[in-house]
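Encoded as structure tokens, the structure appears first; notes follow it.
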Ligand SMILES: [Zn+2]
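Numbering (the numbering used here), first residue to last: 489 to 851.
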């Protein structure tokens with residue numbers, strides 16, 4: 489049972505081998521490094537939904553949620569869903585990136601900027617499934633970093649959603665309206681679990697993004713961003729919330745998406761980049777050979793794959809008498825460490841042995 493951030497292709501392969509009855513698995517293409525890209529089909533209803541996850545290899549939370557969702561959907565108690573929907577699911581569109589925990593594929597292409605060029609085998613595999621399957625809805629599944637807040641200086645954006653634009657004027661096309669109504673349903677359904685912790689992603693049109701591309705082709709598409717829930721660096725709490733959001737989405741289509749008011753979409757606060765992971769008070773900083781005493785230091789964690797585990801490396805990002813960021817954790821430097829200065833360089837790791845334990849992520 490996977491419960492951490494690193495989700496390499498071998499774990500997907502094991503999951504696919506153990507799937508219960510009622511599913512079919514086929515290979516729809518191969519990655520740059522010739523890893524198979526698998527498609528799972530479940531359900532036998534008229535409404536067709538295409539879902540893909542880990543198009544960015546280091547965004548594993550939505551894949552973990554699919555590991556929970558697929559057996560739930562296939563359970564004999566969910567016949568209403570099985571009769572209404574046919575789902576085509578790509579658990580890991582970018583297996584090469586997943587293997588080494590990178591956003592990009594093996595030749596450093598962002599697959600979510602390749603929708604028009606389709607220069608990569610992974611992009612072609614997705615587009616071919618889209619062309620053949622002709623989905624009624626698409627779910628484009630991603631993860632986002634800890635820096636996002638829901639609204640300016642808001643709470644952590646544990647989940648963000650977007651109905652991507654279909655054109656440069658961000659027109660409310662029928663497909664876009666349909667996606668917005670589903671998002672309103674998810675937002676309301678999760679309000680008690682995530683009060684003020686759901687954000688709306690920026691809807692600037694970019695035809696190279698897959699969600700924008702499919703929306704412009706007339707398919708309602710929803711972007712899910714699994715984000716940071718306080719204290720949950722392994723993203724297990726977020727995984728459960730994403731699972732719940734999937735259930736709300738499918739229930740909304742089962743009942744009637746038109747029961748939801750599209751105008752409420754804009755009430756969801758927009759994402760803002762207002763968080764650091766750690767705020768440390770009382771730090772002496774040396775910046776370009778000048779000493780600044782008793783500063784606030786903002787730290788963000790860089791995720792690095794080391795010996796099969798994701799390690800969180802603290803990077804110095806900002807300092808001052810006060811900093812204009814919220815923090816997921818705030819500490820004051822103990823007096824025994826006060827005389828140890830931090831040499832500040834933006835986005836460089838803080839390599840001070842005495843700080844290691846203090847600055848480490850609590851997992
Ligand atoms: Zn992503």
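Beta carbons are placed, not taken as given, at the ideal position from N, Cα and C, and that holds for glycine.
Item: Proximity winner among 762, 689, 526, 793, relative to residue 754 (alpha-carbon distances); Value: 689
Item: Cβ-Cβ separation, residue 586 to residue 542 (assumed contact under 8 Å), whole Å; Value: 5 Å
Item: DSSP three-state assignment for residue 643, whether helix, strand or coil; Value: strand
Item: Beta-bridge pairing of residue 736 - partner residues as DSSP gives them; Value: Paired residues: none, contrary to the question.
Item: Reduced DSSP secondary structure (H/G/I, E/B, other) of residue 452; Value: A query on residue 452 cannot be resolved here, the shown segment of the chain reaching from 489 to 851 and no further.
Item: Test item: CB-CB of residue 774 and residue 829 under 9 Å; Value: yes
Item: Status (buried if at least 16 other CB within 10 Å, exposed otherwise) for residue 759; Value: buried
Item: Range covered by the alpha helix (DSSP H) that runs through residue 553; Value: 549-562
Item: Counterpart residues of residue 800 in DSSP-defined beta bridges; Value: 791
Item: CB of residue 648 within 9 Å of CB of residue 731, strictly; Value: no
Item: Whole-angstrom distance between residue 722 and residue 851, CA atom to CA atom; Value: 7 Å
Item: Proximity below 9 Å, CB of residue 718 to CB of residue 639; Value: no
Item: Any alpha helix (DSSP H) of 4 or more consecutive residues that is wholly inside the segment 679-738; Value: 698-704
Item: Cβ-heavy atom distance, residue 608 to ligand 1, below 8 Å; Value: no
Item: Residue interval of the beta strand (DSSP E) (run including residue 575); Value: 573-578
Item: Contact the segment 779-791 vs the segment 698-708: 3+ CB pairs below 8 Å; Value: no
Item: Contacts around residue 713, its chain only, beta-carbon distance under 6 Å, and the 5 residues preceding and following it disregarded; Value: 630, 632, 648
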